[in-house]
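For reference, the structure is listed below as structure tokens.
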Amino acid sequence: MAGAIKILRMSIHAFLQGYHFFAFVSAILVFPFASLLLFSQASSSSSRVLRTLSSRLHNLFTAAGLPASSEFFSLLNLKFSQSLVSFLSTLPFTLTFLVLAKATVIQKVLGPPRPTASSSLRLCRWLAPTYIFNSFVLLSANAAVLSVFFLAFNALQVLRLSSDNAVLLLSAAGAVLYSIVLANTTVICSLATIVAAMQNCSGYLAILKACVLVSGREATAITVALPANLGMAAVEALFHYRVARPYLRLRIISPSLVGEACLISLMYSVAIVLDTIVNCKLYRSCDTSKELEPEEKGTDLQAWNPRRLPVTQPSSMALLWGSRLPSTTM
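Read in this note's numbering, the sequence shown has 109 at position 111, and its numbers run on one by one without any break.
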């Protein structure tokens, strides 16, 4: 817990130290992506594409033997459909504005004191493929958890234990499992973007290196990522409450509504920049600890090396008795 607090403090210090730079990046580079993402999430709730996708997923859950009408699977269906629609609608802005913003922030936090535009653009060729690969990793994690659900609920039906209490208990356990898997996968994918920029790799190699870096520090990584993700979730809820719901109810675009939408989108942009800074500090902390591990192990081996044990000097009494022993000749 102390390590997580230290990383968060360093992240806030870095943000305040370069506040003008990060505010400029938030307003110019991240703002278009954040605005499109928030509007896509708000408009997707009433879109025909979302209803079609949600209906297909509901039929898939029912055919797989899952309780698709339960509250947990209904919420899972809705969130998965919204995430997929938002990802497809914001993909062009993700691979341009967001990737360039991430590269700029990473260069500022972990790179040279004065990053240039050309160096940030060079990092984009590593970050863009990593973002695409991260999407497939998240999709694979969701598919793996759904496969476990499929086996568990069908095993209940085979054993004739599919009562309401058993289904409720298994759904609660599934919610915990899904949260753990999704949290770990999200942390690794976020760290993989930093690895891709700092070590000039992309795709599966960045994911593997991120897994090696975060091994043994999963709790710290999840704790560090929690505040920024909670902040972004709170901003999304605020946008839905203050912008999306009044517009869907009245169908009127007023100047105050546009002003609130821009302000909330800017808040979301700042949260994305803060999340990137936190991931940079987490990368530096994990990388430093991995570099120190061989030295610490070598120090421990040297401390317990039997060749370095102190040699016991013979006492004066032993020397006296040794001098009095008769010498024997062959």
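Where a beta carbon is used, it is the ideal one built from N, C-alpha and C, also for glycine.
Between the stretch 208 to 225 and the stretch 236 to 253 there are fewer than three inter-stretch CB-CB distances shorter than 8 Å, so the stretches are not counted as touching. Leaving aside the five residues that flank LEU74 on each side, the residues in its chain whose CB is nearer than 8 Å to its CB run, in chain order, TYR176.
Three or more beta-carbon pairs separated by less than 8 Å are not found between the stretch 24 to 40 and the stretch 61 to 68, which leaves the two stretches without contact. Straight through space, the alpha carbons of PHE237 and ARG243 are spaced by roughly 9 Å.
Contiguous beta strand (DSSP E) elements confined to the stretch 220 to 281 do not occur, taking only those with 3 or more residues. Buried is the label assigned to ASP273, since at least 16 other Cβ atoms lie within 10 Å of its Cβ.
Every unbroken stretch of the alpha helix (DSSP H) spanning 4 or more residues and falling wholly within the stretch 39 to 105 is given here in chain order: 46 to 61, 69 to 91. Excluding residues up to 5 positions away in sequence, ASN75, PHE78, SER79 lie with their Cβ nearer than 7 Å to the Cβ of LEU55 in the same chain. In chain order, SER38, SER42, SER45, VAL47, LEU48, LEU51 place their CB closer than 8 Å to the CB of VAL83, counting only its own chain and leaving out the 5 sequence neighbours on each side. Following the DSSP letters along the chain, one finds ILE186 inside the alpha helix (DSSP H) bounded by residues 162 to 197. In this structure, ASN132 sits away from ALA226, with a CB-CB distance that is not shorter than 8 Å. Exclusion of the five residues before and after VAL212 leaves VAL185, ILE186, LEU189, ALA219, CYS284 as the residues of its chain whose Cβ lies within less than 7 Å of its Cβ. By the 16-neighbour rule on beta-carbons within 10 angstroms, VAL143 is buried.
Residue burial is scored here from C-beta neighbours: CYS260 has fewer than 16 other C-beta atoms within 10 angstroms and is therefore classed as exposed. In the structure shown, THR128 adopts helical secondary structure according to DSSP, grouped into three states. DSSP places LEU157 in the coil class of the three-state scheme, outside both helix and strand. Here ALA195 is buried, its C-beta having at least 16 other C-beta atoms within 10 Å. CA-CA distance, ASN140 to PRO253, rounds to 40 Å. By the C-beta density criterion, LEU58 is exposed, having fewer than 16 other C-beta atoms within 10 angstroms.
Its chain contains no residue whose beta carbon lies nearer than 6 Å to that of TYR245 once the 5 sequence neighbours on both sides are disregarded. Secondary structure at GLY1: helix, using DSSP grouped into helix, strand and coil.
Per DSSP, the unbroken alpha helix (DSSP H) holding ILE205 starts and ends at 202 to 212. For the pair of segments examined, the stretch 145 to 154 was found not to touch the stretch 197 to 206: the number of CB pairs separated by less than 8 Å stays below three. DSSP, reduced to helix, strand and coil, places PRO30 within a helical segment of the structure shown.
The beta carbons of PHE29 and LEU264 sit closer together than 8 Å.
Three or more Cβ pairs drawn from the stretch 111 to 131 and the stretch 87 to 102 lie within less than 8 Å of each other, which places the two stretches in contact. In this structure, DSSP gives THR286 a helical state, which the three-state scheme calls helix. Here THR114 carries a coil assignment [DSSP, helix/strand/coil]. Between SER24 and VAL241 the beta-carbon gap is near 19 Å, outside 8 Å, which marks them as no contact. ALA12 and THR221 have their alpha carbons spaced roughly 19 Å apart.
Short of 6 Å from the beta carbon of ALA223, and not among the five residues preceding or following it, lie these beta carbons of its own chain, in chain order: VAL185. For SER33, the closest C-alpha among the options GLU234, THR60, LEU14, ALA21 is that of GLU234.
Check the Cα spacing between VAL146 and each of LEU86, LEU168, PHE91, ALA115: the tightest is with LEU168.
Contact between VAL97 and TYR129 is confirmed by a C-beta separation of about 6 Å, below the 8 Å threshold.
Residue state for ARG120 is assigned as helix, using DSSP reduced to three classes.
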